[in-house]
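Protein chains in written order, with the working numbering: chain A, 1 to 114; chain B, 115 to 229. In this text, a Cβ means the ideal position worked out from N, Cα and C, and glycines have one as well. In this text, all values refer to a predicted model and were calculated from it rather than measured experimentally.
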């Protein structure tokens, strides 16, 4: 079956530091890949997505590139802010699955200190 | 647009009690989902409804039932709550069309404690 593995947190950074969160996946078929973000006390919001190999998703200064050869979709941001403190989830959607189901990784908590 | 709404926001139950979590969306989405979120385990799919009139089990369906009341509403029922069902429950919705992948939109969650 499908699975997503992402680095465990918490990740603690200073403001303006570089952030990388690793994500690797196992899937049959050709999944689409997503990063969702969950701010404290809220539901998940889509941060970015990529639907095919070599696609780069980007939003709010975050980027991730769909690497089929390494089955990875690592999230990066060049200069984090305190407001980026949140839990980040990597997820995949198998186009063959009925109902557009998502498989999530365990989440990585990021804490940015001023 | 309110997006995806869930009620209640918080609930405390005693073991053996029953309750229904309500979810509604106003985005005309075909598909709806119920997840539970436990520390370190990400989100796990409980049940989903690919379209109005259909429901299917997800990864962790035991102890739960669902009803797709209409296109807008999808409820989750705990018939006899157990402490292992203490969790945060999220409802989500999305478009769904064969061969296409769509973003899921999430509600704010229901924090359930079973004592």
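Partners in chain B for residue i, counting only beta-carbon separations shorter than 7 angstroms
i, result
"residue 51(A)", "215"
"residue 78(A)", "Residues of chain B passing the Cβ test: none, with the nearest at roughly 25 angstroms."
"residue 104(A)", "156, 157"
"residue 43(A)", "204, 220, 221, 222, 223"
"residue 107(A)", "156"
"residue 167(A)", "Past the boundaries of the shown model lies residue 167(A); chain A is included only from 1 to 114, so the question cannot be answered."
"residue 46(A)", "217"
Residue nearest to residue i in terms of C-alpha spacing, selected from the options
i, options, result
"residue 224(B)", "190(B), 176(B), 217(B)", "190(B)"
"residue 201(B)", "210(B), 145(B), 135(B)", "135(B)"
"residue 142(B)", "158(B), 164(B), 154(B), 123(B)", "164(B)"
"residue 72(A)", "13(A), 51(A), 79(A)", "51(A)"
"residue 153(B)", "198(B), 115(B), 132(B), 131(B)", "198(B)"
"residue 205(B)", "133(B), 131(B), 187(B), 194(B)", "187(B)"
"residue 17(A)", "81(A), 107(A), 106(A)", "81(A)"
"residue 168(B)", "158(B), 216(B), 185(B)", "185(B)"
"residue 127(A)", "119(B), 123(B), 151(B), 120(B)", "The first residue shown for chain A is 1 and the last is 114, placing residue 127(A) beyond what the model contains."
"residue 122(B)", "215(B), 218(B), 137(B), 220(B)", "137(B)"
"residue 29(A)", "56(A), 100(A), 94(A), 109(A)", "94(A)"
"residue 166(B)", "160(B), 158(B), 209(B)", "209(B)"
"residue 131(B)", "222(B), 221(B), 194(B)", "194(B)"
"residue 2(A)", "23(A), 31(A), 22(A), 13(A)", "31(A)"
"residue 84(A)", "26(A), 61(A), 22(A)", "61(A)"
"residue 133(B)", "179(B), 222(B), 211(B)", "179(B)"
CB-CB length for residue i against residue j, believed under 8 angstroms
i, j, result
"residue 5(A)", "residue 74(A)", "With a Cβ gap of about 12 angstroms, residue 5(A) and residue 74(A) do not count as contacting."
"residue 196(B)", "residue 228(B)", "6 angstroms"
"residue 102(A)", "residue 86(A)", "Contact doesn't hold; Cβ gap of about 18 angstroms is too wide."
"residue 156(B)", "residue 34(A)", "No, residue 156(B) and residue 34(A) are not in contact; Cβ-Cβ is about 12 angstroms, not under 8 angstroms."
"residue 183(B)", "residue 203(B)", "The pair is not a contact, with the Cβ atoms about 17 angstroms apart (cut-off 8 angstroms)."
"residue 77(A)", "residue 15(A)", "Going by Cβ atoms, the distance from residue 77(A) to residue 15(A) rounds to 12 angstroms, so no, they are not a contact pair."
"residue 245(B)", "residue 181(B)", "Look at the range of chain B in this structure, 115 to 229, and you will see that residue 245(B) is not part of it."
"residue 44(A)", "residue 59(A)", "About 14 angstroms separates the two Cβ atoms, so there is no contact after all."
"residue 192(B)", "residue 172(B)", "Actually they do not touch by this definition, with Cβ atoms about 15 angstroms apart."
"residue 216(B)", "residue 118(B)", "No, residue 216(B) and residue 118(B) are not in contact; Cβ-Cβ is about 14 angstroms, not under 8 angstroms."
"residue 108(A)", "residue 11(A)", "6 angstroms"
"residue 41(A)", "residue 110(A)", "Contact doesn't hold; Cβ gap of about 16 angstroms is too wide."
Listed by chain order, chain B residues near residue i by CB distance under 9 angstroms
i, result
"residue 3(A)", "In chain order: nothing, as chain B lies at least about 11 angstroms away."
Per-residue contacts from residue i into chain B (C-beta, under 8 angstroms)
i, result
"residue 32(A)", "215"
"residue 93(A)", "215"
"residue 89(A)", "156, 157"
Proximity test, residue i beta-carbon vs the ligand ADP heavy atom, cut-off 8 angstroms
i, result
"residue 23(A)", "This structure lacks the ligand ADP; in fact it carries no ligand of any kind."
Partners in chain A for residue i, counting only beta-carbon separations shorter than 9 angstroms
i, result
"residue 201(B)", "Neighbours of residue 201(B) on chain A: none; closest Cβ ~14 angstroms, over 9 angstroms."
Next on the checklist: Give the list of continuous beta strand (DSSP E) stretches no shorter than 3 residues that lie fully inside the stretch 137-190 of chain B.
Outcome noted: The qualifying runs are 145-151, 157-163, 178-182.
Item to check | Every unbroken beta strand (DSSP E) inside the stretch 13-98 of chain A [3 residues or more] | outcome: 19-21, 23-26, 32-38, 44-50, 56-59, 62-65, 75-77, 86-93
Next on the checklist: With three or more C-beta pairs closer than 8 angstroms as the rule, is the stretch 120-131 of chain B touching the stretch 146-154 of chain B?
Outcome noted: no
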